[in-house]
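Numbering (the numbering used here), first residue to last: 1 to 48. No residue lacks a Cβ here, since even glycine has one placed at the ideal position from N, Cα and C. Heads up: the structure comes next, in structure tokens.
Here's what the structure looks like:
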């Protein structure tokens with residue numbers, strides 16, 4: 001119910017928030033993926 005009310009009164013604010021959250025999630029997952037893949041490379045070098 002709350003989100004419907006927010007979207008009625010603040011459509012641009014709601015979409016801005018969603019866009020921002022989406023961007024943060026994308027950025028965070030990209031960084032985590034980068035850390036994981038570089039970590040795997042380091043482990044491979046250490047092993048052999």
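Check your understanding: How many Å lie between residue 24 and residue 8 at the Cα?
Key -> One-based indexing of the chain shown puts residue 24 at position 24. One-based indexing of the chain shown puts residue 8 at position 8. Approximately 25 Å between the Cα atoms of the pair.
Exercise. Helix or strand or just coil, what does DSSP make of residue 48?
Worked result: Against the chain shown, residue 48 aligns to sequence position 48. If DSSP states are grouped into helix, strand and coil, residue 48 belongs with coil.
Cα-Cα separation between residue 46 and residue 35, rounded to whole angstroms
As a first step, residue 46 must be located in the chain shown, where it is residue number 46. As a first step, residue 35 must be located in the chain shown, where it is residue number 35. Between residue 46 and residue 35, the C-alpha separation is close to 16 Å.
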